[in-house]
Amino acid sequence: KWPVGRVFLYKNIFAIKCNECALVTKKLQLEGGKILSAKEFLNGHGDFIGSVLK
Numbered sequence: 001k002w003p004v005g006r007v008f009l010y011k012n013i014f015a016i017k018c019n020e021c022a023l024v025t026k027k028l029q030l031e032g033g034k035i036l037s038a039k040e041f042l043n044g045h046g047d048f049i050g051s052v053l054k
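Position one of the sequence shown corresponds to residue 1 (the UniProt record's numbering), numbered consecutively onward.
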């Protein structure tokens, strides 16, 4: 069982674990950055997968 906030890929889709489901995102924006598609974001931030958001 993964902790809430865990970032993972599900069928090549960027997702974040919630209590009983997952939040799937199509676009992301880091603070102060520009809006990126999930694919663009992962190209530059692949190490983000497996991290836990707080």
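Even glycine gets a Cβ: it sits at the ideal position worked out from N, Cα and C.
According to the neighbour-count rule (16 or more other Cβ atoms, all chains shown, within 10 Å of its Cβ), is residue i buried or exposed?
{"i": "K26", "result": "exposed"}
Leaving out five residues before and five after residue i in sequence, what residues of the same chain have Cβ atoms less than 6 Å from its Cβ?
{"i": "V24", "result": "I13 and A15"}
{"i": "L30", "result": "none"}
Spatial neighbours of residue i within its chain, please: C-beta separation below 7 Å, excluding the five flanking residues on both sides.
{"i": "G5", "result": "I16, K17, V52, L53 and K54"}
Between residue i and the rest of its own chain, which residues show a CB-CB distance below 8 Å, the 5 nearest in sequence each way excluded?
{"i": "A38", "result": "I13, F14, T25, K26, K27 and L28"}
Between the options, which has its C-alpha nearest residue i's C-alpha?
{"i": "D47", "options": "L9, K1 and L36", "result": "L9"}
{"i": "residue 57", "options": "G32, I35, W2 and K11", "result": "Since the first residue shown for the chain is 1 and the last is 54, residue 57 is missing from the structure and cannot be characterised."}
{"i": "C21", "options": "V7, G33, L30 and K34", "result": "V7"}
Inset, instruction - Kindly provide the ranges of any alpha helix (DSSP H) runs that are 4 or more residues long and lie completely inside the UniProt domain "Formyl transferase C-terminal" (11 to 45), ordered along the chain. - result: Here the runs fully enclosed are 38 to 44.
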